[in-house]
Every structure is written in structure tokens, then in C-alpha cells.
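If you read the sequences in order, they're chains A and B.
In this text, residue positions in the first sequence follow the numbering used here: the first is 144, and each later residue adds one.
In this text, residue positions in the second sequence follow the numbering used here: the first is 144, and each later residue adds one.
For every residue, glycine included, the Cβ atom is placed at its ideal position computed from N, Cα and C.
2 protein chains.
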Amino acid sequence: MTAPDPIPPTIAWVDGCVRMIDQRRLPGELAFVDAKTVDELCDAIRTLAVRGAPALGVAGAMGMALAQVTGADPDGAAAQILGTRPTAVNLAWGVGRGRAAADAVAEAERLAADDVARNRRLGAHGAPLVPEGGRVLTHCNAGALACAGYGTALGVIRAAAEQGRRPSVWVDETRPVLQGARLTAWELDRLGIPATLVADVMAGSLMSGGEVDCVVVGADRIARNGDVANKVGTYSLAVLARHHGIPFYVAAPLATVDLDCPTGADIPIERRAADEVASIEGHAIAPPGFTVENRAFDVTPAELVTAIVTEAGVLEPPYTESIGSATAG
Amino acid sequence: MTAPDPIPPTIAWVDGCVRMIDQRRLPGELAFVDAKTVDELCDAIRTLAVRGAPALGVAGAMGMALAQVTGADPDGAAAQILGTRPTAVNLAWGVGRGRAAADAVAEAERLAADDVARNRRLGAHGAPLVPEGGRVLTHCNAGALACAGYGTALGVIRAAAEQGRRPSVWVDETRPVLQGARLTAWELDRLGIPATLVADVMAGSLMSGGEVDCVVVGADRIARNGDVANKVGTYSLAVLARHHGIPFYVAAPLATVDLDCPTGADIPIERRAADEVASIEGHAIAPPGFTVENRAFDVTPAELVTAIVTEAGVLEPPYTESIGSATAG
């Protein structure tokens with residue numbers, strides 16, 4: 144018998160509404176937020192109550208289910224949901240799937256269940272990449288909270304732990320929204336996987352000290368050539384990993400690949416509000432009105448990516464070919 | 144006639160005590176803290192009311208002046224001051240200078256005045272390295288607030304502005320203590336130099352986008368071979384700058400060179416409290432009791448440093464020779 148998952152579902156259809164772990168309130172409190180309308184769901188997406196590319200895929204489908212159940216105009220609902228966040232391609236994928244279904248609720252629930260099963264396959268494929276006792280550095284949160292459950296990058300680490308490989312994790316805090324400190328640390332704590340929190344700026348010191356065996360991150364969108372858009376800061380880690388000869392792995396479901404994007408230059412990068420950087424918990428950390436540039440994502444070129452771990456297996460360069468074969472199936 | 148400096152002295156001897164800008168309260172409030180005893184000064188150093196290698200040099204001398212004025216045991220006072228922070232070599236230098244002086248107050252005041260004059264010379268030497276309209280990225284605070292006045296890395300930028308080169312600045316926020324967001328942004332705002340605040344993780348995106356013309360940082364200690372200890376995150380910037388072919392400059396007075404350190408491996412790296420990372424303004428951002436690694440500094444190897452800007456001129460590789468000549472003088 145399997146022990147119950149220590150992390151409840153990130154997003155689920157419950158009693159006619161979309162119930163989500165309210166990620167704005169972690170790690171202080173495990174609370175839930177319910178969206179009963181498309182408006183409420185869009186607000187939850189925009190304010191990062193729910194975030195993470197695979198979770199946004201499910202959220203997109205559940206949004207179309209809400210539209211169907213509440214009798215909202217499907218064109219308007221789809222446009223509204225797609226307008227919330229531009230970078231994760233999964234959102235559009237989920238909206239499309241929910242929209243095309245006769246029973247959008249059933250389809251959304253199926254996507255959520257599929258996501259967990261897919262992440263378990265992805266994790267099993269990726270686990271052997273983590274050396275015995277390996278010290279894995281990760282950025283942002285590509286865990287259960289970024290998906291319907293189990294996780295992608297954290298799924299690889301979790302599967303490695305389940306296979307007895309005894310990984311430990313360096314958790315980048317991930318400014319400005321602190322998804323590493325708030326969410327990844329919370330998940331690893333619940334899972335009992337040894338982990339240490341560091342400020343993002345410490346990655347170089349860890350790598351030059353020989354304290355990192357591999358980097359594993361998620362992805363918000365992958366271009367056809369293997370260029371990867373992910374949380375801002377990912378690219379710096381990839382450059383550092385290359386400089387130190389450390390493998391750099393991306394873990395993401397194939398739905399993250401956007402065949403309409405030939406390269407990373409075609410991926411739109413979301414800019415978010417200045418306030419996300421200039422204040423923390425309502426407290427100003429910069430002079431009033433100071434100019435801020437706040438890009439939520441950056442693009443890591445394919446040549447810095449050692450491998451891409453998917454539910455279909457571990458894809459290796461050249462990615463145009465390996466991605467092409469995997470997505471043709 | 145010169146306009147008054149928009150930034151008051153960081154540290155000065157006033158009415159028998161050491162008056163410092165209280166950097167813990169910036170950018171919200173320009174307030175001062177007075178130390179009347181060695182204990183009070185050590186507390187100000189430890190809690191970062193005063194920080195920055197050149198300012199710590201002056202603080203060391205002023206601490207010995209306090210010891211002399213209050214009749215404290217000089218051995219005990221010196222040991223106490225040196226125990227506050229291990230990485231900046233300037234602290235030991237200042238303590239030594241104050242201790243050797245018959246009139247420690249006069250010596251400390253002279254060091255403070257010398258520091259400002261030295262930084263102006265350093266700035267004038269470094270300014271031509273900033274291209275016309277150059278976009279300069281800096282990390283932490285190596286400005287007037289890190290010195291008795293004027294600044295080292297920011298002194299270079301300030302001198303470039305004074306010479307009509309119209310620089311603009313990317314300000315790294317500099318987690319965990321946010322010296323960039325809180326102090327560098329405040330200084331540039333006061334100086335009227337155009338600047339934009341970014342999370343540390345955005346440096347890679349800026350460099351890959353061709354938006355950075357050079358990096359200028361300060362130093363807490365420089366080894367004889369040119370290896371540089373500076374605020375954690377500096378090393379990552381140096382690796383990124385090299386990857387993108389962007390010049391990486393270190394600006395520091397010659398007193399920052401520690402001839403007793405053959406290489407960076409000999410420089411002690413201060414570890415600070417977990418709480419500095421795990422909470423912000425008293426608000427927990429990680430699960431309670433989560434393990435944290437918090438190194439205050441990292442070491443950038445000499446081969447990644449394009450040049451070291453000092454009051455004696457711009458030193459170029461090989462640093463063993465150029466530093467040797469400059470410090471022999």
C-alpha cells in the first residue's frame with residue numbers, strides 16, 4: 144500500500160468550482176481558494192495563487208469547464224484566460240482541450256489525472272540522471288505545486304529519492320516572488336528530502352566549491368530547437384553550469400514544447416509589475432518610484448541544455464531531431 | 144563653486160562619538176546612529192548599520208579612537224573590533240592605523256578625509272572605462288555609503304557622469320540584505336544618475352540581450368594574484384560577463400589588497416545567520432527551521448577580472464605584477 148501523498152492536489156474540480164492550493168499563502172498556511180467563475184479563476188492565475196506551466200494547463204481546461212457550467216461565452220472566456228499570462232504555452236493547450244470537449248469538466252479532470260501520471264513517468268525517466276547521493280540545485284518551483292501533482296523537476300528528485308538514490312537539494316530562493324523559498328522548500332520539507340535554502344546569488348559559490356552535481360529545472364515553454372523559456376535566473380544557472388562542467392537538465396512534459404516556436408527568440412517574455420521587486424510583503428525595499436525592470440522569464444539556448452526529461456524519455460541534442468521524434472508520436 | 148555633496152558623510156567623528164548614517168533604515172529614512180563606546184560601534188558593524196570595506200577601514204580606526212578616548216584596553220578593543228566581520232581586510236588596516244597613532248581621533252579623521260580624496264582619484268582613473276552612454280551593471284553597494292564618501296564602483300560611475308559620459312546603471316538588488324535596492328538605488332536617486340533596479344537573477348537576461356556594456360563592482364579583499372572577494376553573487380556576474388564578452392571591472396583602494404593572501408583560497412568567507420535569508424522584515428519566507436546556507440561573499444578568480452581600478456591607476460593582468468608594482472610604491 145502506498146502512503147498518501149503528503150502534498151494535496153494543486154488544482155481540482157470540487158463541488159462545481161475549481162479548488163486550488165492558495166500558493167500566495169505558503170509556506171505560512173496551507174489554505175485553498177475556490178474559483179466559481181472565469182473571472183475568479185483569472186484573478187487566481189494573475190495573482191499567482193496558481194502558477195507553474197503544467198498547473199496552468201489544467202487551469203486553462205478548468206477555466207473552460209467553468210465557462211461551460213456557468214454558461215459564459217466560450218470565445219470571451221478563452222480570450223480572457225489566455226490574456227492572464229503570456230509565456231507558458233500549456234495555458235493555451237489546456238484552454239484548447241477544455242474548449243474542444245463536449246464535457247469540459249470531465250476533460251479537465253482527465254487532464255489533471257493525466258498530468259500526475261505523466262509526471263511520475265517523467266520522474267522515473269529522469270531519476271537515473273541524479274547520481275547516488277547527488278546534490279541537485281533547482282530554481283523556482285517545478286514541483287507538485289506547479290502541476291496537478293508530483294512535479295517535473297522536483298518529480299525527478301522525488302523519483303530519485305523513491306529509488307533510494309538519497310539526493311539532497313539546493314533550493315534557490317527565486318526572487319522576486321520567492322517560489323523556491325516559499326514553495327519548493329515547503330514541498331521538500333513535506334517529502335522529507337534533505338534540502339538547503341540559498342539566495343539565488345550563491346549558486347556560483349556552490350558550483351565553484353564543487354558542491355553541485357547537477358542542475359534540474361522546469362520549463363514554461365520549449366521551442367522546436369530546444370531553447371527553453373523558464374523562470375528568470377535559469378539562464379544564469381545554465382551558463383554557470385557550463386562554466387563548471389555540471390550537467391544542466393530541463394524536466395517538462397511534451398505539452399511544454401511549442402512547435403510553432405522555431406527558437407527561443409519567438410517566445411514572448413512576460414513583464415510583471417515593478418512592485419513585485421520594489422516591495423516585499425508590503426514593505427518598500429527601494430526608494431519610492433524607482434524604475435524597475437521585472438521580466439518573469441528568460442531563455443536558455445539549447446546548446447546549454449544537457450538533456451530534456453519528458454514523459455516519453457530523456458531527449459538529447461540535437462533537439463530539433465529528438466523533439467521532432469518525440470512530438471511526432 | 145562645487146555643489147554640496149547630496150550624500151552626507153557615511154561615518155564621522157562628531158562631539159566625541161562616531162556618527163554614522165544608519166544604513167539599516169535606508170531607503171525609508173536618512174537617520175544617524177552614534178557610537179560612544181567600542182561596544183556600540185561593534186554592534187553597529189555587526190548589524191550592518193555601517194558596512195562596505197573602505198567604510199569599515201575608517202570604522203576600525205574610529206573604534207580605536209573610541210578606545211583611546213574612553214580609556215578602554217587597546218588590545219581588547221582591537222580584538223573585539225576585528226571579531227565583528229572576517230572578510231574585509233580594511234577593518235584590520237584601520238584598526239592598525241588607529242592603534243599606532245598617538246592621537247587616534249585625528250588619525251581616524253585623516254583616514255576618512257583621505258578615503259574621499261582617494262575615491263575621487265580612483266573614480267577619475269576609472270571613468271574612461273565607461274563608454275559614452277554606457278549601461279553599467281553593479282552589484283551590492285560600493286558607493287559613498289560603503290566608504291567615508293564618494294564611493295569606489297559608484298565613484299567610477301559618478302566620475303563618468305561628472306565627465307559628461309551619461310552613464311546609466313542596472314542596480315542588482317543584492318539578496319539577502321538588499322544593499323543594491325536599499326542603498327545603491329538611494330545614492331543614484333540622490334545623484335540624479337539614471338538607474339533601473341533588477342532582481343539579481345535578471346543579470347543573465349540583460350547580458351544576453353546586449354543591454355550591459357560593462358560590470359563594475361567593489362571588493363572586500365583582493366589577494367596578491369588579483370583574486371577578488373566581494374559580495375556573494377559577484378562571481379556569477381564575472382562568469383556571465385566572460386560568457387558574453389563584457390568587461391568586468393573591480394574598483395577598490397589599494398588598502399583592499401592583502402599581500403598576506405597569495406590567492407583567493409586564503410581569504411576567509413563570512414557566514415551569516417540563516418534568518419537573513421529565511422525572513423524579510425520579520426516575515427518568514429521559508430518553512431520554519433528550514434536549513435539555510437548564507438555566505439556573505441564569494442571569490443572571483445583573477446582571470447575573470449578585466450581590470451582593477453585603484454587610486455593609483457587602472458591595474459591590468461598579470462595582477463601579480465601590476466599589484467606588486469602598485470603596492471610597492
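| request: Using a Cβ cut-off of 7 Å, pull out every chain A residue sitting near B/Tyr462, in sequence order please. | output: Within the second sequence, residue 462 of chain B is the residue found at index 319, counting from 1. Those do not exist, as B/Tyr462 stays about 19 Å from chain A at its closest Cβ, beyond 7 Å.
| query | Can a CB atom of chain A be found closer than 8 Å to the CB of B/Ile423? | reply | The residue labelled residue 423 of chain B in the question sits at position 280 within the second sequence. Yes, its Cβ sits closer than 8 Å to a Cβ of chain A.
| message | With a threshold of 8 Å between beta-carbons, can A/Tyr392 be considered close to chain B, or not? | response | In the first sequence, residue 392 of chain A corresponds to position 249, counting from 1. For A/Tyr392, the answer is no, since every Cβ of chain B falls outside 8 Å of its Cβ.
| request: Using a Cβ cut-off of 8 Å (strictly closer), state whether A/Val344 contacts chain B. | output: The count along the first sequence starts at 1 and reaches residue 344 of chain A at position 201. Taking Cβ atoms only, chain B reaches closer than 8 Å to A/Val344, which makes this a yes.
| request: Please check if any C-beta of chain A sits within less than 8 Å of the C-beta of B/Gly171. | output: Here residue 171 of chain B is taken as the residue at index 28 of the second sequence, counted from 1. Cβ-Cβ to chain A under 8 Å: yes for B/Gly171.
| message | The beta strand (DSSP E) that contains A/Asn437, what's its start and end? | response | For the purposes of this step, residue 437 of chain A is taken as the residue at position 294 of the first sequence. No beta strand (DSSP E) contains A/Asn437, which DSSP labels as neither H nor E.
| query | Which class does A/Ala256 belong to by DSSP, given the choice of helix, strand or coil? | reply | Translated into positions along the first sequence, residue 256 of chain A becomes position 113. Helix.
| task | Please go through the same chain and pick out, in chain order, the residues whose beta-carbon is closer than 7 Å to the beta-carbon of A/Pro229, but skip the five residues on each side of it. | result | Within the first sequence, the letter at position 86 stands for residue 229 of chain A. Scanning its chain for C-beta atoms nearer than 7 Å, with the 5 sequence neighbours on each side dropped, one finds around A/Pro229 the residues Pro411, Glu413, in chain order.
| said: Distance check for A/Leu191 and B/Arg162, CA to CA, integer angstroms please. | reply: Your numbering for residue 162 of chain B matches position 19 in the second sequence. Your numbering for residue 191 of chain A matches position 48 in the first sequence. Spanning the two alpha carbons is a distance of roughly 45 Å.
| query | Straight-line CA distance for B/Val359 to B/Asp409? | reply | As a position in the second sequence, residue 359 of chain B is number 216, starting the count at 1. As a position in the second sequence, residue 409 of chain B is number 266, starting the count at 1. Distance between the alpha carbons of B/Val359 and B/Asp409: 24 Å.
| task | Report back the beta-carbon spacing between B/Ala287 and B/Glu330 to the nearest angstrom; my notes put them in contact at under 8 Å. | result | On the second sequence, residue 287 of chain B is found 144 positions in, with the first residue counted as 1. On the second sequence, residue 330 of chain B is found 187 positions in, with the first residue counted as 1. Yes, B/Ala287 and B/Glu330 are in contact; Cβ-Cβ is about 6 Å, under 8 Å.
| field | Whether B/Ala416 touches A/Pro170 by CB criterion (8 Å) | value | One-based indexing of the second sequence puts residue 416 of chain B at position 273. One-based indexing of the first sequence puts residue 170 of chain A at position 27. Against a cut-off of 8 Å, the Cβ pair of A/Pro170 and B/Ala416 comes out as no contact.
| Does the beta carbon of B/Pro274 come closer than 8 Å to any beta carbon on chain A? | As a first step, residue 274 of chain B is located in the second sequence; it is residue number 131 there, counting from the start. For B/Pro274, the answer is no, since every Cβ of chain A falls outside 8 Å of its Cβ.
| query | What three-state label does DSSP hand B/Leu340 in the structure shown? | reply | Taking the first residue of the second sequence as 1, we reach residue 340 of chain B at position 197. Correct three-state label for B/Leu340: strand.
| query | Taking C-alpha atoms, which residue in B/Arg168, B/Leu209, B/Ala255, B/Glu172 lies nearest to B/Thr180? | reply | Taking the second sequence and counting its residues from 1, one reaches residue 180 of chain B at position 37. Measuring from the Cα of B/Thr180, the nearest candidate turns out to be B/Leu209.
| message | Based on DSSP bridge pairs, tell me the residues matched to A/Tyr392. | response | Looking up residue 392 of chain A in the first sequence gives position 249. A/Val359, A/Ala450, per the DSSP bridge assignment.
| Partners in chain B for A/Asp438, counting only beta-carbon separations shorter than 8 Å | Within the first sequence, numbered from 1, the residue matching residue 438 of chain A stands at position 295. Just to set this straight, residue 438 of chain A is Arg in the shown sequence, not Asp. Within 8 Å Cβ-Cβ: Met345, Ser348.
| task | Take A/Ala196 as the anchor and find which of A/Val314, A/Thr295, A/Ser348 has the nearest alpha-carbon. | result | As a working mapping, residue 196 of chain A is identified with position 53 in the first sequence. Cα-wise, what sits closest to A/Ala196 is A/Thr295.
| Comparing the C-beta of B/Glu446 with each C-beta of chain A, is any distance below 8 Å? | What you label residue 446 of chain B is simply residue 303 of the second sequence in a count that begins at 1. Closer than 8 Å: no.
| said: For a test of the three-state rule: what should DSSP assign to A/Asn233, helix, strand or coil? | reply: As a working note, residue 233 of chain A is residue 90 in the first sequence. Per DSSP, reduced to three states, the secondary structure at A/Asn233 is helical.
| Taking three-plus beta-carbon pairs below 8 Å as touching, is the stretch 212-226 of chain B in contact with the stretch 345-362 of chain B? | The way I'd put it, the stretch 212-226 of chain B doesn't touch the stretch 345-362 of chain B; fewer than three beta-carbon pairs between them come closer than 8 Å.
| query | Is the Cβ-Cβ distance between A/Val314 and A/Val341 less than 8 Å? | reply | Residue numbering aside, residue 314 of chain A sits at position 171 when the first sequence is read from its first letter. Residue numbering aside, residue 341 of chain A sits at position 198 when the first sequence is read from its first letter. Yes; because the gap between Cβ atoms is below 8 Å, this pair is in contact.
| field | Which of helix, strand or coil DSSP assigns to A/Asp315 | value | The residue labelled residue 315 of chain A in the question sits at position 172 within the first sequence. Three-state result, A/Asp315: strand.
| task | Could you tell me whether the Cβ of A/Ala427 comes closer than 8 Å to any Cβ of chain B? | result | Along the first sequence, one-based indexing puts residue 427 of chain A at 284. It does: the Cβ of A/Ala427 has a partner Cβ on chain B nearer than 8 Å.
| message | Below 8 Å on the Cβ atoms is my contact criterion, and I expect B/Leu402 with B/Thr470 to pass it. Report the Cβ-Cβ distance as a whole number of Å. | response | Against the second sequence, residue 402 of chain B aligns to sequence position 259. Against the second sequence, residue 470 of chain B aligns to sequence position 327. 6 Å between Cβ atoms; contact.
| task | Specify the secondary structure class of A/Ala285 as computed by DSSP and reduced to three states. | result | One-based indexing of the first sequence puts residue 285 of chain A at position 142. Assignment of A/Ala285 by DSSP, reduced to helix, strand and coil, places it in the coil class.
| task | Kindly identify the DSSP beta-bridge partner or partners of B/Lys374. | result | If you number the second sequence from 1, residue 374 of chain B lands on position 231. Bridge partners of B/Lys374: B/Phe440.
| task | Check distances from the C-beta atoms of the stretch 306-319 of chain A to those of chain B and list, in chain order, the residues that come in under 9 Å. | result | Trp313, Val314, Asp315, Glu316, Thr317, Arg318, Pro319
| said: Could you pull the DSSP bridge partners for B/Asp401 from this structure? | reply: Numbered from 1 along the second sequence, position 258 holds the residue referred to as residue 401 of chain B. The partner list for B/Asp401 (beta bridge, DSSP) reads B/Ala366.
| task | Consider the Cβ of B/Phe175: report whether some Cβ of chain A lies at a distance smaller than 8 Å. | result | In the second sequence, residue 175 of chain B corresponds to position 32, counting from 1. So, not an interface residue.
| query | Do B/Val371 and B/Val457 have their C-beta atoms closer together than 8 Å? | reply | Locating residue 371 of chain B in the second sequence gives position 228, where the first residue counts as 1. Locating residue 457 of chain B in the second sequence gives position 314, where the first residue counts as 1. Taking 8 Å as the Cβ cut-off, B/Val371 and B/Val457 do not qualify as a contacting pair.
| task | At 4 residues or longer, and completely inside the stretch 151-229 of chain A: list those alpha helix (DSSP H) runs for me, N to C. | result | For the stretch 151-229 of chain A, the continuous alpha helix (DSSP H) assignments of 4+ residues that do not extend past its boundaries occur at 181-189, 196-213, 217-225, in sequence order.
| task | Starting from the C-beta of B/Arg240, find all residues in its chain whose C-beta is less than 7 Å away, skip the five residues before and the five after it, and write them out in chain order. | result | Locating residue 240 of chain B in the second sequence gives position 97, where the first residue counts as 1. Correct list, in chain order: Ala204, Glu250, Leu254.
| When the Cα atoms are used, what is the spatial distance from B/Leu234 to B/Thr153? | The residue you call residue 234 of chain B lines up with position 91 of the second sequence. The residue you call residue 153 of chain B lines up with position 10 of the second sequence. Each residue's alpha carbon lies about 15 Å from the other.
| query | Which residues bound the alpha helix (DSSP H) around A/Gly456? | reply | Position 313 of the first sequence, counting from 1, holds the residue named residue 456 of chain A. Careful: A/Gly456 lies outside any alpha helix (DSSP H), inside the beta strand (DSSP E) at 456-458.
| message | Per the DSSP calculation, B/His426 is bridged to which residue(s)? | response | Here the question's residue 426 of chain B lines up with position 283 in the second sequence. B/Ile423.
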